[in-house]
Amino acid sequence: MILLSLVLLAAAVAIGVFVALIQTGSTRRELEGRLGRASRHLAPSGPRDVERDQRLSVMPWLDRALRDLRLGERLELMLYQAGMQMRVGALVLLMASGALGAYSLTMLLTHRIVPALMLMALAGPAPYAYVAHRRARRMKAFAAQFPDSLELLVSSLKAGLSFSAAMQIVAEESPEPVRGEFAIAVEEQALGLEFRETMRNLTRRVEVLDLRFFVTAVLLQRDTGGNLAEVLHNTATLIRERFRVLGDIKTFTAQGRMTGAILVCLPVAIALFTYSLTPDYFRPVLESHTGRLLLWGAGGLQILGMVVIRRIVDIKV
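Yeah, the sequence shown ends on 313 if you go by my numbering, and it's all consecutive.
Rendered as C-alpha cells:
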C-alpha cells in the first residue's frame, strides 16, 4: 500500500509539472507572437496560419476524448469567461493531479482509505471550483461596469454617432472586462459578421442578465424602429434599478447570512474548546469507530444546512 501511494504521488507530481511546463510554453509562445507581430511593419513573405488554435489539449488522445464527451466546449467557454489562458486539457490534468496527490498523501500519513477517498473527492474538483470562482468574479465585474458603459453608449448615440461607432467608443473607454468583450464584437463587425450573430456571440461569451436586456432591446429596435438612444437609456435605468433592489435584498438578508455562518462555526468552535480543556473527555469521539461516524455525519449535516440557508437567502432578481 505504501508503494502504491508513493507511485500515485509521483504520478501526481509529474502531471503537475507537465501542466506547468505546458502553460509556461504556451504563454511564452503567445508573448513572442505578439512581439513579432508588433515589430513587423510589412507582411511576411511566407504563408501565415490565420486560424485560431482550437485544440482542447496539446495531447491528441485527450483532445479527442474531451470532444467525444462533449464536455470540452463548455469547459473552454468557462475558462474564457474566467479570463484564464488555459486549455481544457490542462484543467482536467490538474484535477487528476490534485485527486491523486491528495489520495496518496493521505494514505501515506494515515493508512486509511476512507479519509483518503474523501480528501480525494475534495481536492479533485478544487481547480474547477477555482475557475468557477474566477468566472463568477469576472461576470460580476462586467455586470457592475455595464451600466456606466451603457450610459457612455447612449451619450455617443445622442451625439450623432452610429451604433458601430458608439460600440467602438465603449471598447476604447470602458474598463475590463467590458472593454475586451465589446472590442471582440466590434472586430467581428469589421470582419463582416452579421449584426444579429455578433450580438448573439456577445451574449454567449458573457452570461450576464443585464447584457441580455441590452441585446434584446437593440435587436427589437432594429426590427421595429424607434429611438435607439431612448430605448437604451430606459434599459440602463432598468438595470440600475435592479442593482438597487439587489442592494436592498442583501441588506434585508444580512441577518440570515450571519445566522448561517454562526450556526456553521459554532459546533466546530465548541468541539475545539472542549478538546482543549478536557482532552480525555473528547478523545473517545475521535478514537472510537462510532464517534468518527458521528463526526462525519455531523459534518455532512453542517454542509447540508449551509447549502439550505444559502439557498434561502439567495433571492434572484
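For glycine and all other residues, C-beta sits at the position ideal for the given N, C-alpha and C.
If you're wondering where the values come from, they're calculated on a predicted model, not measured in any experiment.
| Asked | Found |
| --- | --- |
| Residue span of the alpha helix (DSSP H) that contains asparagine 230, given as start and end | 224 to 248 |
| Own chain residues within Cβ distance below 6 Å of valine 166, not counting five before or after | Ser145, Leu148, Leu149 and Phe178 |
| Reduced DSSP category for aspartate 206 - H, G, I as helix; E, B as strand; rest coil | helix |
| Alpha-carbon to alpha-carbon, valine 182 and leucine 234 | 25 Å |
| Among Ser284, Thr249, Arg288 and Met82, nearest to arginine 306 - alpha-carbon criterion | Thr249 |
| Separation of leucine 101 from tyrosine 271, as counted between CA atoms | 26 Å |
| Opening and closing residue of the alpha helix (DSSP H) in which alanine 78 lies | Note, alanine 78: premise wrong, no alpha helix (DSSP H); not H, not E. |
| Whole-angstrom C-beta distance between alanine 78 and arginine 131, which should lie under 8 Å | 4 Å |
| First through last residue of the alpha helix (DSSP H) which encompasses glutamate 190 | Note, glutamate 190: premise wrong, no alpha helix (DSSP H); not H, not E. |
| Beta-carbon separation (whole angstroms), methionine 91 vs proline 121, contact threshold 8 Å | 7 Å |
| From Phe159, Glu169 and Arg83, residue whose alpha carbon lies closest to that of valine 127 | Arg83 |
| Rounded separation between glutamine 164 and glutamine 141 - CA only | 16 Å |
| DSSP three-state assignment for histidine 107, whether helix, strand or coil | coil |
| Where glycine 120 falls: helix, strand or coil (DSSP) | coil |
| C-alpha distance - leucine 207 paired with tyrosine 99, whole-angstrom precision | 43 Å |
| 9 Å Cβ cutoff met for threonine 199 and glutamate 184 | no |
| Option nearest proline 263 by Cα separation, candidates Gly243, Gly295, Ala112 and Arg66 | Gly295 |
| Rounded C-alpha distance that separates leucine 268 from leucine 113 | 25 Å |
| Span of the alpha helix (DSSP H), counted from its first residue to its last, around leucine 290 | 285 to 309 |
| Beta carbon of methionine 135 nearer than 9 Å to that of glutamate 190 | no |
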